[in-house]
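In what follows, a single structure is set out as structure tokens and then discussed.
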Amino acid sequence: MIEIKVLNGKVAGKTVTARRFPFGIGRHKAADLCLEEPGVWNRHLELDLQLTEGITLTVAPEARATVNGQSIQATRLRNGDVIEIGAVRLRFGLAATRQRDLRLREGLTWLALAALCAAQIGLLHRL
């Protein structure tokens, strides 16, 4: 998962986690991250997951954006990149991973192993 943190503007400090791709950013209410700032288009840019390249950013043809101060139309993003669209600055980052709670699965595994051992001991005593 990735996180987009808004660094300035009306919703400064807001952090959004992208769980599905493509992830749209723009002024439109249907955008995954809606920003109502000057210079932000309805569908300004899109983040997508490419198997060979990682997370890629594609800017709408009529829109403008910079990544780390460089004007771009499409690029591969890296952890910590700063994206500027209109009057808004965003920081792209990798979200902290959470490990699933496996205690129940581990407990059932140990229980199955104990049952298997008990069955084998029972078979040995029958012989």
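In the numbering used here, the protein residues as written are 433 to 559. For glycine and all other residues, C-beta sits at the position ideal for the given N, C-alpha and C.
Where residue i falls: helix, strand or coil (DSSP)
i: residue 537; result: helix
i: residue 462; result: coil
i: residue 555; result: helix
i: residue 545; result: helix
i: residue 495; result: coil
Endpoints, the beta strand (DSSP E) within which residue i is located
i: residue 524; result: 520-526
i: residue 442; result: Premise fails: residue 442 is in no beta strand (DSSP E) and is neither H nor E.
i: residue 450; result: 447-450
i: residue 475; result: From DSSP, residue 475 is part of no beta strand (DSSP E); its letter is neither H nor E.
i: residue 510; result: First-last for residue 510: undefined, no H or E at that position.
i: residue 531; result: First-last for residue 531: undefined, no H or E at that position.
i: residue 502; result: 502-504
Buried versus exposed call for residue i [16 or more other C-beta atoms within 10 Å across all chains shown]
i: residue 478; result: buried
i: residue 540; result: exposed
i: residue 553; result: exposed
i: residue 473; result: buried
i: residue 458; result: buried
i: residue 483; result: exposed
Assumed close pair residue i, residue j - CB separation to whole angstroms, cut-off 8 angstroms
i: residue 434; j: residue 525; result: 7 angstroms
i: residue 476; j: residue 492; result: 6 angstroms
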